[in-house]
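Residue numbers (our numbering): 371 to 812.
Even glycine gets a Cβ: it sits at the ideal position worked out from N, Cα and C.
None of the values given here were measured: they were computed from a predicted structure.
Remarks on the structure that follows.
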């Protein structure tokens with residue numbers, strides 16, 4: 371038996387990895403089809419901030435997960451337990467279950483010991499922490515303070531609610547995931563890192579499938595004020611039309627707005643998926659992560675570092691820059707990020723006119739910036755673009771004047787049908803980090 375198991379593991383080693391399921395709990399989108407329509411057409415789901423008061427930051431716009439009811443997605447969850455969980459945990463659990471349903475990876479379709487879950491979150495349960503410590507006079511003397519504290523610390527679930535890894539753990543318990551379960555915190559590149567680790571687990575024969583989860587609920591004064599402290603051009607101040615708050619690659623850009631929610635992808639060994647009759651959305655070709663090891667808030671503005679990482683990812687995939695059909699950019703509408711991405715294309719395609727560069731889109735204007743889940747929003751959009759053979763739009767680009775350094779193809783006109791065989795998802799993060807994910811058709 372041991373020899374047979376060793377032989378089977380050897381057959382799985384190095385096998386292709388497919389994205390076979392996508393689950394989303396995002397502003398205006400709780401199904402993969404809704405998500406695809408939004409990112410394809412560039413339909414912004416940003417609106418006025420209502421979840422909290424912005425504090426001194428003056429934030430007015432956000433992508434809010436409204437009217438979310440976990441019972442639709444988690445029908446077997448006992449309400450006694452659900453009442454002890456945070457909103458981010460329930461949304462994360464729901465996204466995981468939606469991804470598994472989309473992939474068909476339900477009970478009986480996979481050995482639970484061969485199924486793992488790797489999550490990414492930049493800030494963890496900061497919404498709950500902020501409410502628990504400051505809401506409704508929780509630290510003030512008087513009768514109200516006890517009631518406020520009881521709402522947060524009045525049961526044994528408080529210990530769980532404060533753990534950054536709780537959403538992944540609870541999703542694994544609910545879904546009978548018995549393999550590796552862990553949570554990464556690598557800021558805005560964390561989702562890519564999770565995909566990279568998941569693909570390696572599968573290629574090494576340690577898992578048949580891994581659910582990769584990103585969850586972030588940053589709509590709190592604590593987050594707003596920490597980002598506005600970095601200066602102008604980081605957070606957008608647009609309020610007249612919230613849908614136009616994020617305007618990447620244009621002269622008018624002034625930063626991003628935050629979004630909240632959860633995204634989950636099912637990564638699966640190709641042989642396992644094909645045995646179930648599943649083709650998948652896209653193939654995970656390679657992932658490269660780079661720490662520039664320079665300034666924690668800066669990024670390489672020459673474009674050379676990112677171009678080198680793209681070269682390396684393509685080399686790992688056995689491809690070259692000439693094979694890339696589309697880039698799904700990080701596109702935060704901040705002064706440095708947008709220009710750095712354009713310079714990356716210049717470094718990657720020396721001698722080519724801008725008109726011959728592959729298209730570069732940003733889906734940030736649709737749901738806002740989800741920090742630790744942002745790279746997974748990008749990865750999901752990229753996988754669906756390959757599946758549907760249609761590029762995603764950059765919302766708000768066509769109506770504005772391009773930044774001269776970013777004056778090239780950003781798919782500003784809306785979703786663009788056409789052949790797509792290889793696409794690159796980009797992610798950058800505070801901490802001097804760069805990440806490149808190469809996906810191909812399934």
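Got a sec, what are the start and stop residues for the beta strand (DSSP E) residue i sits in?
i, result
"residue 638", "631-639"
"residue 533", "That residue, residue 533, is in no beta strand (DSSP E); it is neither H nor E in DSSP."
"residue 794", "792-799"
"residue 433", "431-433"
"residue 476", "Here residue 476 belongs to no beta strand (DSSP E), and DSSP marks it neither H nor E."
"residue 489", "485-490"
"residue 554", "551-554"
Where residue i and residue j are concerned, what is the direct C-alpha to C-alpha distance, given to the nearest angstrom?
i, j, result
"residue 645", "residue 448", "34 Å"
"residue 548", "residue 484", "7 Å"
"residue 444", "residue 404", "19 Å"
"residue 560", "residue 525", "31 Å"
"residue 409", "residue 576", "33 Å"
"residue 471", "residue 465", "10 Å"
"residue 629", "residue 689", "34 Å"
"residue 461", "residue 785", "28 Å"
"residue 605", "residue 802", "19 Å"
"residue 718", "residue 670", "14 Å"
"residue 543", "residue 531", "15 Å"
"residue 582", "residue 767", "31 Å"
"residue 503", "residue 497", "10 Å"
"residue 720", "residue 442", "51 Å"
"residue 398", "residue 804", "29 Å"
"residue 579", "residue 687", "20 Å"
"residue 480", "residue 394", "22 Å"
"residue 733", "residue 640", "28 Å"
"residue 655", "residue 563", "14 Å"
"residue 680", "residue 528", "43 Å"
"residue 675", "residue 685", "15 Å"
"residue 553", "residue 490", "6 Å"
"residue 796", "residue 455", "33 Å"
For residue i, which residues does DSSP report across the bridge?
i, result
"residue 739", "628"
"residue 590", "Bridge partners of residue 590: none, in fact."
"residue 658", "806"
"residue 786", "761"
"residue 498", "Answer by DSSP bridge pairing: none, since residue 498 is not bridged."
"residue 732", "699"
"residue 652", "389, 811"
"residue 723", "In DSSP, residue 723 forms no bridge with anything."
"residue 781", "Note: residue 781 sits in no beta bridge, so no partner."
"residue 620", "772"
"residue 395", "632"
Here's the rule I'm using: 16 or more other beta-carbon atoms within 10 Å means buried, otherwise exposed. How should residue i be labelled?
i, result
"residue 701", "buried"
"residue 476", "exposed"
"residue 488", "buried"
"residue 508", "Because the pLDDT at residue 508 is just 45, under 50, the model does not fix this residue reliably, and the point stays unresolved."
"residue 511", "Low local confidence applies: a pLDDT of 45 at residue 511 is under 50, so the model's placement there is unreliable, with the coordinate-based value given in what follows. So residue 511 ends up on the exposed side."
"residue 396", "buried"
"residue 810", "buried"
"residue 664", "exposed"
"residue 482", "exposed"
"residue 748", "buried"
"residue 493", "buried"
"residue 451", "exposed"
"residue 789", "exposed"
"residue 713", "buried"
"residue 566", "buried"
"residue 596", "exposed"
"residue 638", "buried"
"residue 574", "exposed"
"residue 610", "exposed"
"residue 534", "buried"
"residue 599", "exposed"
Under 8 Å, Cβ to Cβ, is there at least one residue of chain D near residue i?
i, result
"residue 617", "Protein chains in the displayed structure number just one, and chain D is not present."
Using only the heavy atoms of the ligand PLP, determine whether one of them is closer than 7 Å to the beta carbon of residue i.
i, result
"residue 711", "Ligands displayed in this structure: none; no statement on the ligand PLP is therefore possible."
State the start and end residues of the unbroken alpha helix (DSSP H) segment that holds residue i.
i, result
"residue 714", "705-718"
"residue 675", "674-686"
"residue 463", "457-473"
"residue 572", "560-573"
"residue 402", "402-411"
"residue 450", "449-452"
Decide yes or no for the touch test of the region 654-662 against the region 419-428: beta carbon pairs closer than 8 Å, at least 3 of them. At 8 Å Cβ cutoff, the stretches do not touch.
Check whether the region 621-641 and the region 575-589 touch, using three or more Cβ-Cβ pairs below 8 Å as the test. In this structure the region 621-641 touches the region 575-589; the number of beta carbon pairs closer than 8 Å is three or more.
How do the region 530-540 and the region 556-572 stand: do at least 3 beta-carbon pairs fall below 8 Å, yes or no? Cβ pair count under 8 Å is below three, so no.
Say whether the region 720-728 touches the region 613-622, bearing in mind that this needs 3 or more beta-carbon pairs closer than 8 Å, one atom from each stretch. No, they do not touch.
Would you say the region 610-618 touches the region 411-420, given that touching needs at least three Cβ pairs under 8 Å? Touching, yes.
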